[in-house]
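Following the working numbering, the numbering of the sequence shown begins with 1367 at its first residue and continues without gaps.
Shown next, in C-alpha cells, is the structure this report addresses.
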Amino acid sequence: MPNRLANESSPYLLQHQNNPVDWFPWGDEAFAKARDLGRPIFLSIGYSSCHWCHVMEHESFEDEDVAAMLNQHFVSVKVDREERPDIDETYMTAVQIGSGRGGWPMTVFLTPDRKPFFTGTYFPKEDRGEFPGFKTVLSQIIKVWGSEQERLVQVSEQFATAIQQTLTHPAPDSDIELNDELIDEAVQTLVGEFDSENGGFGDAPKFPPHTAIEFLLNFALRESSSEELRQVAADMALGTLEKMALGGFHDQVGGGFHRYSTDDRWLLPHFEKMLYDNALLLANYARAAAMCHGQVPELEALYSRVAERIVSWLTEEMTSDDGLFYSAIDADSEGEEGRFYVWTDLEIREVLGERADAFIDAFQVRPEGNFHEEATGHLSGSNILHALEDYGVAFDLDLKHLKAKREHRVRPGLDDKAIIGWNGLMIGALAEAGEVALAERAATVILNHTQSHGQLPRQIAKGIASGEGFLEDYAYFIDGLVSLATTKALFEELHPGEVHGTTSNEWLQIALQLTQVMIEKFYDHAVGGFFGTSEDHEMLFGRSKPVFDQPIPSANATALKCLVTFGDDDRIRQSLSAFLGWMGRAPSGTMSLFLVAMALLDESGHSHEDSHEVDLSSVVATTPPQAPEVIVETLTRELRSDGKGTVRISIPEGFHINSSTPPARWLIPTKIEVQPIKVVVDYPPANNDRYEGILEIPFTVELPPGQSGAEFELKVSYQACTETECLAPVEKAFDMVIRRS
C-alpha cells in the first residue's frame, strides 16, 4: 500500500511511495506527530538521480525489518533536496559540522523541534568492518533516546547554535580594493590551478568549470587588460572546452554532458546528466564558437557542433510537452551506473560492420575495455567513447547508428520536475545559442504559471506549480530573460518587421519587474547582498547569503548581474564590498562575483538609454570575527639544487585544517602551489581528512634546465575549522629562491 509520499509531485519522493517505511513529507504534520508520541525524527534527504540514494533505498528502506524499526520508534521524513534547497543547506551544514564531510543520501536524526543531534550520509544496512550499519545506528539511537534523551536534547541545542553561526557567518574583513588589479589577480589564480595537459583546473575529480570559463572568455575580450594575459585566459578557456568536448565526460553518442569526470582526463564520468550543467556548458560553447568565428575555424566548428548536440539532446530527452525543461537523468539503469552509455568492442562491430575498425580506432575502443572500474581497478570490458582529436563530421553516421541501437536499452530514470531557476539558466543559454523559439516558449509557460500561482514558484511538476521561488529561481530566471531580450533585440535590428511575438523591450520590462520583486524579497539593505530565502520562506536556523559557485554560479552574483543590466551601480558596489573578503580568500570559488566586478569596472552590460534605476539604501558596516592564528612558515627561504623544502603549519588547539583532498567540495583543501616553476608536494596522511597540531609538508621544486638559480613564489592555502564551523579560507605567500650548489 502506498505511503503518504504518493500524494507528492517530486519524482524523488514518488520513488519512495511504495516503501514499507511510513514516510512523511516535510511539514507540520510530521513534527506534531513526533511531539505527540515523544519520538525523534529520522530525516532522509536526497534527489532522484543520486546513485547512493538508490542503494540505501534498496538496502534499507525497502527492507521490512528496517521499516519496522523506523515505524515503531521514529517519525520518518523524506525531502527532495532540489525541491527544498533551504532544508538541504541547513542540515548539510549540520552533517559537515558533525562529521567534517557531506553527501547524499543525507541521514539526520532530529528532536521534534527540528534540531539535529546525530548526522551522517549513506549507511549500509549491516555493519561493514568498523563502519556501523544503519540497523546498528537505529538501535543505538533508540537506546539512547530512551535512557538519555536530555543529553541528546543538549547536543541538539549545540548543533542549532553552530548551524546558525555558520549560516549567518559574514565575509572576513578585507582591505581589498575593487579595481583592475583584482580582476587580473583572479586570472592569475586560475593560471596557477590550470591543468595544461588535460584542461580544467585542479586534480580529479573534475567538475565542468563553466563559471571560470565564462569569466575567462569575457576577460579575453577586455581591452583594458594586457594582451598577454588576455591570450592566456583565452587559451585556458578554449583548451578546456576542446578537451571536454573530446572526452568521455561528453556523451559522444547522444549529446550533452555528464555530471563530472572521476579522473583528470575527462574520460570516466559520473553518469548522471543535470540540466544546469548542460545549460551553462551550452552558453560556454556558443560564446566560444562566436569568439572563434573568422579566426580559428576548426575550433568554431567543434564548439558549434557540441552546442547543437546539447540542444538536440535537450529537445529529445529533457523537454516537456508544454516546453519546460526537466531537471536530471539518472546515472543508473538496470541497477548499474553507466550501463546505458558504455559499449563493448563486439557491440560496436555488430552495429557498424565494416566501418567498425576506423571508428574503434578513433574513439579509443579496446576489447578489454578502456577504463578501470573505480572499486576494483580492473578493466571492465566496457568502453566509454572518447577521442584524442576532432574528426569533424566523419563519424556522424556511425554515431547515429549507435544512438539508434542504444534506444533499445533500458533508459535511466528521468526527473521530470521543472525547477524554475534551472530553466532560467537554460533559457539564457538557448538565447545565447540563437535558439530563441525554445527559450521564449519556456519563459512564457513559467510566466503563465507565475500568474496563476500568485508568485514565481520553485518548481512545476506534471503541470502543477508549487513552492515559493528562492533567490536562485528569481536570479537565474531574470538573467535568462535579459539574455532573451538581448538576443531578440539583435534579431529585431537585423530583421526589422520580421520578428513577432513578445518584443525585446517587453521581455526587458518583465525582467525589470521581477528584479524589483527580487530586491524587495531578498536584498539585505543594511550591509548589501541577497539572502537565499525571503521572509516568506520557512525560517529554520538563519538566512544565509549564497556566495560561492558550487556547482552553479552564486545566486548572489547572478542577482547582481541582473542589477548591472538596469544600472543599479550603488547597490552592486555595496554588495561587492560586503563580499570582497570572500573574493580575496577564495577567488576560484567566487568567479561569478569577479564577472560582476569586471562588468561593473568596464561598464559593460549597462544599457544607459533604457536602464531603470532603483532606490538605494545605506550601508551598515560590520566587523566579522577574526580567524584563529594558524602559523605557516617555511623552514628555509633559499633551496639548494635538490629543490627540497618543508612547510610547517602550527594549528591551535581546538582547530583543524582540511586534508589536501577533503571529501566535500565545499571544504577548502590544504594546498601548496608554486609559480612559475614546477613543484611536487608530498602531503602527509590525514586523520579523518583532518590535520591537527604541528604539520610538516615536504615539497620539491624543479630548477629549470640551464639556469643557475630562480626566484619563485610559494603559496599555502588552508581553511581552519572547529567542530562547529569552518572559517574563511586563508592564503599565505612566500618569496623564495632556488640555487644550484
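Even glycine gets a Cβ: it sits at the ideal position worked out from N, Cα and C.
Source: prediction; values computed, not measured.
1) Please list, in chain order, all residues of the same chain as His1903 whose beta carbon is under 8 Å from its beta carbon, the five residues on each side excluded.
2) Taking only the alpha-carbon atoms, compute the straight-line gap between Ser1375 and Glu1448 and give it to the nearest angstrom.
3) Could you check if Asp2101 is buried or exposed, using at least 16 other CB atoms within 10 Å of its CB as the buried criterion?
4) Helix, strand or coil for Phe1585, going by three-state DSSP, please let me know.
5) Short check: CB of Leu1583 to CB of Arg1653, under 7 Å?
6) Going by other Cβ atoms of all chains shown within 10 Å of its Cβ, with 16 needed for buried, is Asp1781 buried or exposed?
7) Met1964 to Leu2061, Cα distance in whole Å?
8) Where do the N-terminal and C-terminal ends of the beta strand (DSSP E) with Met2115 fall, by residue?
9) Mind checking whether Ala1805 and Ile1793 have CB atoms under 7 Å apart?
10) Work out the CA separation of Ser1562 and Asp1698 for me, nearest whole Å.
11) Determine, using beta carbons only, whether Ala1586 and Ala1599 come nearer to each other than 7 Å.
12) Whose C-alpha, out of Phe1761, Thr1685, Thr1710, Arg1480, is nearest the C-alpha of Arg1721?
13) Go to Pro1482, then tell me how far its beta strand (DSSP E) extends in each direction, as first and last residue.
14) Under the three-state reduction of DSSP, which class applies to Trp1392: helix, strand or coil?
15) With a CB to CB cut of under 8 Å and the five nearest residues on each side skipped, what residues in its chain are close to Asp1968?
16) With a 10 Å radius around its C-beta and 16 neighbouring C-beta atoms as the bar for buried, classify Glu1423 as buried or exposed.
17) So, do the segment 1458-1475 and the segment 1518-1531 have three or more beta carbon pairs nearer to each other than 8 Å?
18) For Met1602, count neighbouring C-beta atoms within 10 Å of its own C-beta (all shown protein chains included) and say buried if the count is 16 or more, exposed if not.
19) Give the DSSP-derived three-state secondary structure of Gly1558 in the structure shown.
20) Gly1605: which of Gly1621, Arg1631, His1624, Tyr1626 sits nearest, CA to CA?
21) Nearest to Phe1896 by alpha carbon, out of Gln1506, Leu1929, Asn1871?
22) Going along the chain, which residues of its own chain have a beta-carbon closer than 7 Å to the beta-carbon of Val1519, five neighbours each way excluded?
23) What are the boundary residues of the beta strand (DSSP E) that includes Asn2024?
24) Mapping DSSP to helix, strand and coil, what is His1767?
25) By Cβ distance, which residues of its chain are closer than 6 Å to Ile2015, with the 5 residues on each side in sequence left out?
26) Nearest CA to the CA of Gly1908: which residue from Gln1875, Pro1917, Ile2063, Gly1898?
27) Which of helix, strand or coil does DSSP assign to Lys2081?
28) Roughly how many whole angstroms lie between the Cα atoms of Thr1853 and His1576?
29) Put His1439 into one of helix, strand or coil per three-state DSSP.
30) Since Gly1800 sits in a beta bridge, which residues does DSSP pair it with?
31) Assuming the contact rule is C-beta atoms closer than 8 Å, Val1619 and Leu1765 should be a hit. Round their C-beta distance to whole Å, please.
32) Buried or exposed for Lys1509, please, with buried defined as at least 16 other CB atoms from any protein chain shown within 10 angstroms of its CB.
33) Using beta-carbon positions only, say whether Glu2039 and Lys2081 come within less than 7 Å of one another.
34) Quick check: the segment 1639-1654 against the segment 1668-1684, are at least 3 beta-carbon pairs closer than 8 Å?
35) Sort Ser1415, Pro1482, Ala1892 by Cα distance to Pro1377 and report the nearest one.
Quick answer:
1) Asp1452, Glu1834, Phe1836
2) 12 Å
3) exposed
4) helix
5) yes
6) buried
7) 38 Å
8) As shown, the chain starts at 1367 and ends at 2107. That puts residue 2115 outside it, with no answer to give.
9) yes
10) 32 Å
11) yes
12) Phe1761
13) 1482-1486
14) coil
15) Arg1588, Ser1590
16) buried
17) yes
18) buried
19) helix
20) Arg1631
21) Leu1929
22) Thr1477
23) 2022-2024
24) helix
25) Val1998, Leu2061
26) Gly1898
27) strand
28) 21 Å
29) helix
30) DSSP output for Gly1800 lists no bridge partner at all.
31) 6 Å
32) exposed
33) yes
34) yes
35) Ser1415
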